[in-house]
Each structure stands twice: as C-alpha cells, then as structure tokens.
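Here the sequence shown is numbered in the numbering used here, starting from 1 and rising by one per residue.
Every residue, glycine too, gets a C-beta built ideally from N, C-alpha and C.
Predicted model only: the values in this text are computed from it and were never measured.
Report on the following structure.
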Amino acid sequence: MIKIFLLVLALIAPTSLIYLNLTSSSVNHRLLFNLFIIIIIAERVWETFFTPKEDNKLSHKDDWTLPLTLSAYLIVGLAVTFEFFLINREINVLLSVAGIFLLIFAGYIRFLSIKSLGVGWSLHAVGKNKSRSEDHKLIVSGPYSYARHPIYFATIIELIGLSIAFNTFFSGLLVIAVMPLYLIRAHYEEKKLIEFFGEDYLIYKKEVPFIIPIKFRK
C-alpha cells in the first residue's frame with residue numbers, strides 16, 4: 001500500500017507541472033521556475049528513497065507519520081507551483097535571493113545531519129516494526145548538538161525558502177499550517193528514541209533544544 005501511495009505522490013508533482021506549463025505558457029520566469037522545481041524534486045527523491053540505510057525502506061513498517069509529512073511537503077510544493085503559474089506576480093529579486101539562500105542553507109543542514117547519522121539515517125521514524133540495529137548509536141554531534149531534530153528544522157526552512165524564492169506568499173502561510181505535522185512526527189519519534197537509548201536520550205533531551213536550535217531560558 002505504501003508503495004502505491006509513494007508512486008501517486010511521485011506522479012502528482014511532475015504531472016501538475018506539465019499541465020500548468022501547457023495551459024499557462026506566458027507566465028514570467030516559467031523556465032527558471034521549472035528548472036528549480038525539477039532540481040528540488042530530483043534531490044528530494046534521491047535523498048528520501050536512496051540514501052536511508054535501513055532495509056526495506058519502501059515498506060510501511062507501521063509508520064503512520066511518514067505519509068503525513070510526505071503529503072504535507074507535496075501539498076506545499078503544489079501550492080507554490082499553482083500560485084506561481086496562476087497569479088503570475090512580478091518577481092521581487094531581493095526576496096528571491098533570500099529564498100534561494102534559505103534553500104541552500106536548508107540543504108546544507110540536511111546534508112550534515114544525514115552525514116552525522118551515518119547508519120542510523122532512516123526513512124521511518126516510528127512503528128512497531130522499527131528496531132535498533134547494533135550500529136545505531138545516539139548522535140549528539142554536528143547539527144544534533146544544536147537541535148534534536150535538525151532534519152525537520154531544515155525541511156521547514158526549505159518550504160519557507162521555496163515560497164519566498166518565487167514570491168508565492170499564500171503558500172508561505174500554508175507552511176505554518178503543516179508545521180504541526182512535523183512536530184507530531186518528531187514527538188512520536190522521540191518516544192521510540194527513548195525506548196532505544198533510555199536515560200542517555202533523556203539527558204540529551206534536557207540539554208538540547210527540540211527543533212529550533214535556540215535555547216530558551218526557563
């Protein structure tokens with residue numbers, strides 16, 4: 001079932017992009033937008049489905065949070081695409097540069113986070129079938145010394161950057177609406193991590209911020 005779901009998700013984005021290009025061929029900066037979206041789709045597909053170290057990464061494994069966050073990402077991406085083509089705003093160059101900077105920053109944080117996780121990098125975060133391998137260690141270095149869930153932080157920054165880069169401001173509001181889904185996934189993932197690492201993770205949890213890499217005074 002999860003494979004069918006992922007296949008549908010994978011087809012919706014390019015199909016929508018083709019449709020909008022055929023029906024809205026006079027949109028400003030259309031080719032540049034297409035190039036960016038194709039690069040982002042290719043990078044996300046590669047990172048999501050080819051870099052995780054777990055076995056049977058395309059099986060469901062009772063991880064109900066995965067379809068939620070994948071759908072949230074797709075919904076924002078589609079909203080950005082449709083808003084860009086249908087409203088056809090004049091692009092503010094300074095905003096676009098700021099958005100592109102956020103995209104690069106988010107990609108760099110995600111890259112460092114995945115590299116830090118090593119064999120612990122997994123597509124699935126929760127589920128009854130989620131188990132800890134012998135090589136899976138608690139990572140507290142790199143981006144994980146600043147936040148317990150830097151990949152989710154980077155994903156949210158990426159979605160914000162995407163909406164800013166193409167001046168799709170309504171879609172930017174949608175990012176705020178889907179953020180709780182990433183927080184929910186992180187919350188349930190932490191329950192599994194406490195199960196894996198016990199007291200070590202509880203100590204780590206007290207010392208390092210949740211998603212935003214800022215320590216607030218209590």
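Endpoints, the alpha helix (DSSP H) within which residue i is located
i	result
Ala147	Here Ala147 belongs to no alpha helix (DSSP H), and DSSP marks it neither H nor E.
Ile176	169-197
Val208	Premise fails: Val208 is in no alpha helix (DSSP H) and is neither H nor E.
Gly107	93-117
Ala72	65-87
Trp46	30-50
Buried or exposed (CB count within 10 angstroms, at least 16 for buried), residue i
i	result
Tyr108	exposed
Phe170	exposed
Ile37	buried
Val119	exposed
Ser25	exposed
Asn164	Looking at the sequence provided, one finds Ile at residue 164 rather than Asn. By the neighbour-count rule (16 or more Cβ atoms within 10 Å), Ile164 is buried.
Ile212	exposed
Ile114	buried
Leu225	The shown model of the chain, from 1 to 218, leaves out residue 225, and the question about it has no answer.
Val80	buried
Val8	exposed
Thr23	exposed
Phe101	exposed
Asp63	buried
Proximity winner among the options, relative to residue i (alpha-carbon distances)
i	options	result
Gly172	Ala72, Leu20, Ile194	Ala72
Glu83	Thr48, Asn28, Ile211	Asn28
Leu159	Ser145, Ser24, Ala177, Tyr146	Ala177
Pro143	Ala165, Leu112, Phe105	Leu112
Ser116	Asp63, Glu54, Ser141	Ser141
Leu103	Ile194, Glu43, Leu9	Glu43
Phe105	Asp200, Gly161, Arg30	Gly161
Leu74	Pro52, Ser16, Leu193	Ser16
Trp121	Asp63, Leu86, Phe50	Phe50
Ala13	His124, Val76, Ser145	Val76
Lys137	Lys215, Asp55, Tyr201	Tyr201
Lys215	Ile194, Tyr146, Glu195, Phe166	Tyr146
beta-carbon residue i near the ligand ADP non-hydrogen atom, thresh 7 Å
i	result
Glu158	Here there are no bound small molecules, and the ligand ADP is not part of this structure.
Inter-stretch contact at 8 Å, needing at least 3 Cβ pairs: the segment 141-160 / the segment 182-191 = yes
How about the segment 87-100 and the segment 185-195: do they share at least three Cβ pairs that are nearer than 8 Å?
-> The segment 87-100 is not in contact with the segment 185-195.
Are the segment 78-92 and the segment 198-215 in contact at 8 Å, needing three or more beta carbon pairs?
-> no
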